[in-house]
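S.K.: Pasting a structure here, questions to come.
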Amino acid sequence: MLLITAVLPLYARQHTKKEDYGMGYSSEIAAPESEVLQAVEDVVNDGMIQGSKEYSKDKNIEKAFAAESSSLFPEWTGSGKVFYKVREKVLAPINFKESNDEGTLAVRYVVESKAGQQTIVRIDAVFVEDFRHTVHPSNGSVESAEYKDIQDHVDNIEAQKKQAADSDKHRQEELAQQSLLHKNQEAAALENAELSSGTLEQRVADLRHRLERVVKAPGAQLKSAPFQSATNLKSLDPGAELVILIVTPYWYGVETEDGQHGWINHSQLEPLP
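If you're matching positions, the sequence shown starts at 12 in the working numbering and goes up one per residue.
See below:
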């Protein structure tokens, strides 16, 4: 008897909880606006509206289409870029307040750039009956489900970018290794050819002249990788001497006089005097 008494108030609270309708969903995505716009366009054109359904067997609402505008929403006059996805002749979709007839379901997406790599996305959904034109606001299920899909698309875009960058880095490293091997073979062949002539000091000087460079005026930045956008490791003064360790078509992998390794563009170096 005590167990029943303890459970009933909880049951009553769960079934009398008031849902929030018509609040929409707004959040920030940690990605540049261009990536978020691409993700939103993909979702708007995917042919489905998530977070609602017509029949119990359904997972989502199908046969939706992208639209330039929707009369179910007032004209958007705020900042950002606006997208719409619409499904007509939908029957009493769930998660819309007291929906019980056929009508049109529309979703509006607003994408707005924020400072840095942050982009704001606001989503609103509404269902309007065809016959009585009664407006049924959403309880937020559609908005949150569509937002999650957008976030998943952004994550996929970021993963593809990282994979492409990793592949390019691997390709550059392979080219660098091949170039270094070829350079070492050339240096070894030249050294063997010169063993019969000249002094040891002269051969050392020649080898040093081939493998060392000096920084041109007005100086240069030592990079962490063979890319202009790579992190600067150190500022190099004009005339600073560097030992070449790796050669690529456009970059040298070098060692500074104090033993630090990094990358510098061919155009910023010149042979020893």
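Backbone N, C-alpha and C fix where the C-beta goes; we use that ideal spot for every residue, glycine too.
What are the residues that DSSP puts in a beta bridge with PRO282?
M.R.: Counting from 1 along the sequence shown, the entry for residue 282 is found at position 271. Answer is ARG224, bridged to PRO282.
S.K.: Could you tell me how far apart the beta carbons of ILE134 and ALA50 are, in whole angstroms, since I believe they sit closer than 8 Å?
M.R.: The sequence position of residue 134 within the sequence shown is 123, counting from 1. The sequence position of residue 50 within the sequence shown is 39, counting from 1. In fact, because the Cβ distance is near 12 Å, the residues do not count as touching under 8 Å.
S.K.: In terms of residues, what are the limits of the beta strand (DSSP E) holding GLN232?
M.R.: Residue 232 sits at position 221 when you count from the first residue of the sequence shown. 231-234 is the extent of the beta strand (DSSP E) around GLN232.
S.K.: How big is the Cα-Cα spacing for ALA251 and GLY273?
M.R.: On the sequence shown, residue 251 is found 240 positions in, with the first residue counted as 1. On the sequence shown, residue 273 is found 262 positions in, with the first residue counted as 1. A direct Cα-Cα distance of roughly 14 Å separates ALA251 from GLY273.
S.K.: Got a sec? Which residues, its chain only, sit under 7 Å from VAL146 by beta carbon, not counting five neighbours each side?
M.R.: Your numbering for residue 146 matches position 135 in the sequence shown. Non-local C-beta neighbours of VAL146 in its own chain, meaning closer than 7 Å and more than five positions away in sequence, comprise VAL137, VAL139, ordered along the chain.
S.K.: Pair every Cβ in the stretch 106-114 with every Cβ in the stretch 123-131, then say whether three or more of these pairs are closer than 8 Å.
M.R.: no
S.K.: Taking the straight line between their C-alpha atoms, what separation do you get for TRP87 and PHE94?
M.R.: Sequence index remark: in the sequence shown, residue 87 carries index 76 (1-based). Sequence index remark: in the sequence shown, residue 94 carries index 83 (1-based). Approximately 10 Å, taken between the alpha carbons.
S.K.: Verify whether the separation of the beta carbon atoms of GLY62 and GLU73 is less than 8 Å.
M.R.: For the purposes of this step, residue 62 is identified with residue 51 of the sequence shown, where counting begins at 1. For the purposes of this step, residue 73 is identified with residue 62 of the sequence shown, where counting begins at 1. Result no, Cβ atoms of GLY62 and GLU73 do not sit closer than 8 Å.
S.K.: So, does the stretch 34-50 touch the stretch 66-83, judging by three or more C-beta pairs under 8 Å?
M.R.: no
S.K.: Specify the secondary structure class of ARG143 as computed by DSSP and reduced to three states.
M.R.: Looking up residue 143 in the sequence shown gives position 132. DSSP places ARG143 in coil when its eight states are reduced to three.
S.K.: What are the boundary residues of the alpha helix (DSSP H) that LEU48 is part of?
M.R.: Position 37 of the sequence shown, counting from 1, holds the residue named residue 48. LEU48 -> alpha helix (DSSP H) spans 44-55.
S.K.: For VAL258, which option in ALA228, ALA241, ARG224, ASP248 has the closest C-alpha, if you only look at C-alpha atoms?
M.R.: Sequence index remark: in the sequence shown, residue 258 carries index 247 (1-based). For VAL258, the nearest C-alpha among the options comes from ARG224.
S.K.: Smallest Cα separation from ILE131: which of LEU222, LYS92, SER38, TYR261?
M.R.: Here the question's residue 131 lines up with position 120 in the sequence shown. Put simply, of LEU222, LYS92, SER38, TYR261 the residue whose alpha carbon is nearest the alpha carbon of ILE131 is SER38.
S.K.: Rank GLN239, ASP112, LYS96, VAL121 by C-alpha distance to the C-alpha of SER90 and give the top, closest one.
M.R.: Counting from one through the sequence shown, the residue named residue 90 turns up at place 79. The residue with the shortest Cα to Cα distance from SER90 is VAL121.
S.K.: Given 8 Å as the limit, is there contact between the stretch 153-172 and the stretch 221-240, that is, 3 or more CB pairs closer than that?
M.R.: no
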